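Q: The structure under discussion is supplied below as structure tokens; questions concerning it will follow.
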Amino acid sequence: MKFSEFATYLEKLEKTSSRNEITQILADLFKKTSQKEIDKVVYLVSGQLAPSYIGIDFNIAEKLMLRIIAKAFGQKLETVADQFKKMGDLGIVAEGYAYGKDGGASVLDVYQTLFEMAGQEGGGSQERKITQTAELLSSLDSLSVRFITRIPTGNLRLGFSDMTILDALSYMETGDKSLRSRIEAAFNVTVDIGKIAKAVKQKGTFVLKDVLPEPGTPIRPSLAERLPSAEKILEKVGSKVIVEPKYDGFRAQVHIYKLKTQNSKLKTEVVIFSRNLENTTNMFPDIVEAVKKIKVGSAIFDGEAIAYDAKSGKFLPFQETAQRKRKYGIPEAIKNLPLKLFIFDILYKDGKNLLPLPFSERRKILESTVFKIDGVEIIRQEVTGDAKVIRDLIQKYLAEGLEGALIKKIDAPYKAGARGYHWVKYKKTTGAGVADTIDCLVMGVNRGKGKRVGFGVGAFLVGVKDGNKFKTTSKIGTGLTDEQWRELDKRSKYLEVSNMPGEYEVDKNLVPDAWTKPSLVVEILADEITVSPIHTAGLALRFPRLINFRNEKNPDQTTTLRELEGLFKMQKI
Ligand code: ATP
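In the UniProt record's numbering, the protein residues as written are 1 to 573.
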């Protein structure tokens, strides 16, 4: 497919916000795409070159793109920068200068150039990026130029998620949604959506029933529901349940496998994925070294890593553990904030897919795989059918300074990618007011008044996800420490955009001083959820306060409106 034809699809996608239409356009595009191109097309429509866990970073900021545009079309940098200030959209600015001729580049040609450009590192790489990208831009028609400038700068947001791509793959095959659940099941087990698209295109969806976990490729994590009381938990999860402590650190999906080295020796490879399925291996060489001691050929574990005080051995609050998520100063951090990995599940072992096995059986396999190692422990657990025992355990965990408990269904398979009642979380706050904290997207900020002028931000607008949209649920002006205000100010400055992002739905009375693009997720605790006539979510948070900046969550993983409604109903039980 020629890139210019691909760009016409991107334009159609850009013009609509209807999920049905988006699905149809994508299905149509995928149908016309060849087997060789389909994986690349799937990555490119999402503004990427590979699944996010591979972490290909273009390292092209808007400023650099302005230089590229100037070079490509023989313009002065100041002129291009002025245009950008006026229009606020790099794609439109670049398109305005483009010659309008289609040089005939194919999707694969463009993909290849972008791929090479992203790989450029070291001395002179910036200049090479400018030259290569400028050459590419000057050889394309104006519509292609619009979209290509947006991809490396992270601005190709066409308002749909991976889930819509899964729908579209089903439509591509059958013209309806009937294959969606089969495709999604495969995606849950191996999150490379390009690979799945390619398999479907080449062989049809029947191959997906054989999709197995693969060490090195993340599995979508299982997530927990909420319930208001121990009695309700026994009613819904099972008359006997497993209770585990809930550590408040970060999720670590740990993959161990053997790789052949150049001289044909086998080397143990460890990869760690975050809750978001980003590859975080380089941040945690201490965990890597510790898990290498587990005697296993290959395995995938699910767990939570938490920092502890090196002297007292006491586990530290989330804010401290969060400091281990860093790119620099790692050796120092390891010394000051050592981590302990609590493994709570095993999903794969030595070629065997363990996902379908009942939890109790997976646990037995886990216990026969992991023995005492410094820095790694299997999470403790108790089996009970007694509500009082559940309550007592929760109190015990809380008294230890932990976040709460996870109550798990004994015979449930590992439900990859699903939030369900096979796992129920019970936190400090459960049972008092709102049963869980709410992960909201920061949609815009207001400048500070009075004392808060010094902090920059004085209030901020947050929302939850509803399909492809973000709907407001609170304008928060209190409940932050001085330090949190400053941090919010710093972060929001990087995210400010001149126009309201297309996926936002906001009442005109709540329009903030500055919009922020969908990126920053905050964890909010509220006393109550109430019906709201002005918030577009229809529900508002009473007495909201900021608990954490949730760096490990992306906007797709904010609390959904459906979940918020669930929490609202739960208040009445
Ligand atoms: P939150 O972490 O704020 O509760 P979440 O959406 O990130 O929300 P949930 O499914 O709601 O995730 O809660 C489960 C999380 O709790 C897991 O992602 C994991 O990081 C953490 N956790 C801590 N201890 C356990 C445990 N014993 N079993 C499973 N998950 C645990």
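Just so you know, even glycine gets a beta-carbon here, dropped at the ideal spot from N, CA and C. From a predicted model like this one, the values you see are computed outputs, not experimental measurements.
Between the alpha carbons of F371 and E304, how many angstroms are there, rounded?
A: C-alpha separation (whole angstroms): 17 Å.
Q: In whole angstroms, what is the alpha-carbon distance linking R157 and G47?
A: Going by the C-alpha atoms only, they are around 7 Å apart.
Q: Determine the direct distance from the alpha carbon of P512 to that of G444, and round the result to whole angstroms.
A: So the alpha carbons of these two residues sit roughly 6 Å apart.
Q: State yes or no: is the C-beta of A418 within less than 8 Å of the C-beta of E244?
A: Taking 8 Å as the Cβ cut-off, A418 and E244 do not qualify as a contacting pair.
Q: Beta carbon of M223: closer than 7 Å to some heavy atom of the ligand ATP?
A: For clarity, residue 223 is Leu in the given sequence; the question names Met instead. Flag set: Cβ of L223 near the ligand ATP.
Q: Return the CA-CA distance between M1 and V107, expressed in angstroms with no decimal places.
A: Using only the alpha carbons, I get a separation of about 6 Å.
Q: Taking the C-alpha atoms as reference points, what is the distance between A27 and I196?
A: Taking the straight line from one Cα to the other gives about 14 Å.
Q: Run through DSSP, which three-state label would M65 get?
A: Reduced to three states, the DSSP call for M65 is helix.
Q: Measure the alpha-carbon distance for S532 versus V434 and round it to whole angstroms.
A: Near 16 Å, if we compare the C-alpha coordinates of V434 and S532.
Q: To the nearest angstrom, how far is it from the Cα of V464 to the Cα of T478?
A: Rounded to the nearest angstrom, the two C-alpha atoms are 19 Å apart.
Q: Can you give me the C-alpha to C-alpha distance between L66 and L143, rounded to a whole angstrom?
A: Distance between the alpha carbons of L66 and L143 is about 17 Å.
Q: Is F273 near the ligand ATP, with its Cβ less than 7 Å from a heavy atom?
A: No, since every heavy atom of the ligand ATP falls outside the 7 Å radius drawn around the Cβ of F273.
Q: Whose CA, out of A252, L137, R391, lies closest to the CA of A98?
A: It is L137 whose Cα lies nearest to the Cα of A98.
Q: Span of the beta strand (DSSP E) holding K246?
A: It spans 241-246 - the beta strand (DSSP E) in which K246 sits, taken as one unbroken run.
Q: Would you list the residues sitting across from Y257 in a DSSP beta bridge?
A: BP columns for Y257 point to E269.
Q: Between E523 and N548, is the Cβ-Cβ spacing less than 8 Å?
A: In this structure, N548 lies closer than 8 Å to E523 by Cβ.
Q: Using the DSSP secondary-structure output, state which residues sit across from Y504 in a beta bridge.
A: F470, per the DSSP bridge assignment.
Q: In the DSSP assignment, what are the bridge partners of E304?
A: According to DSSP, which records beta bridges pairwise, E304 is partnered with R251, F342.
Q: Over the uninterrupted beta strand (DSSP E) stretch that includes M443, give me the two end residues.
A: Residues 438-447.
Q: Label V383 either buried or exposed according to how many other C-beta atoms from any shown protein chain fall within 10 Å of its C-beta, with 16 as the threshold for buried.
A: It counts as exposed.
Q: Assuming I343 contacts I233 (C-beta within less than 8 Å), just tell me the rounded distance between them.
A: In fact, because the Cβ distance is near 23 Å, the residues do not count as touching under 8 Å.
Q: With respect to 7 Å, is the separation between the Cβ of residue 656 and the closest non-hydrogen atom of the ligand ATP below this value?
A: An answer regarding residue 656 cannot be provided, because it is not within the stretch 1 to 573 covered by the chain.
Q: Just mark F460 as buried or exposed, buried being the case when its beta carbon has 16 or more other beta carbons within 10 Å.
A: So F460 counts as buried.
Q: Using beta-carbon positions only, say whether S492 and T516 come within less than 8 Å of one another.
A: Yes. Within cutoff.
Q: In chain order, what are the residue ranges of uninterrupted beta strand (DSSP E) at least 3 long that sit wholly in the region 160-246?
A: For the region 160-246, whole beta strand (DSSP E) runs of length 3 or above, ordered along the chain, are 223-226, 241-246.
Q: At what residues does the beta strand (DSSP E) containing V521 begin and finish?
A: Its beta strand (DSSP E) spans residues 521-525.
Q: For A61, tell me which candidate among A537, R542, L495 has the shortest Cα-Cα distance.
A: When each option's Cα is compared against that of A61, the closest is L495.
Q: When you compare each of E5, R180, P152 to I68 by their alpha carbons, which one comes out closest?
A: It is P152 whose Cα lies nearest to the Cα of I68.
Q: Take the Cβ of R562 as the centre, count every other Cβ of all protein chains shown within 10 Å, and call the residue buried at 16 or more, exposed below.
A: R562 is exposed by the Cβ-count criterion.
Q: Would I365 pass as a contact of I346 if the rule is Cβ separation under 8 Å?
A: Contact flag set, yes.
Q: Count the other CB atoms within 10 Å of the CB of R180; is the residue buried (16 or more) or exposed (fewer)?
A: Result: buried.
Q: Could you tell me which of G124, F58, F206, F250 sits nearest to L316, measuring between CA atoms?
A: Answer by Cα proximity: F250.
Q: Expressed to the nearest angstrom, what Euclidean distance is found between the alpha-carbon atoms of D192 and T217?
A: If you take the alpha carbons of D192 and T217, they lie about 7 Å apart.
Q: Is Y247 near the ligand ATP - that is, is its Cβ less than 7 Å away from at least one heavy atom of it?
A: Checking every heavy atom of the ligand ATP against the Cβ of Y247, one is found closer than 7 Å.
Q: Opposite L461 in the DSSP bridges: which residues?
A: G444, K475, per the DSSP bridge assignment.
Q: Along the chain, where does the beta strand (DSSP E) containing R542 start, and where does it finish?
A: Looking at the DSSP string, the run of the beta strand (DSSP E) that includes R542 is 539-542.
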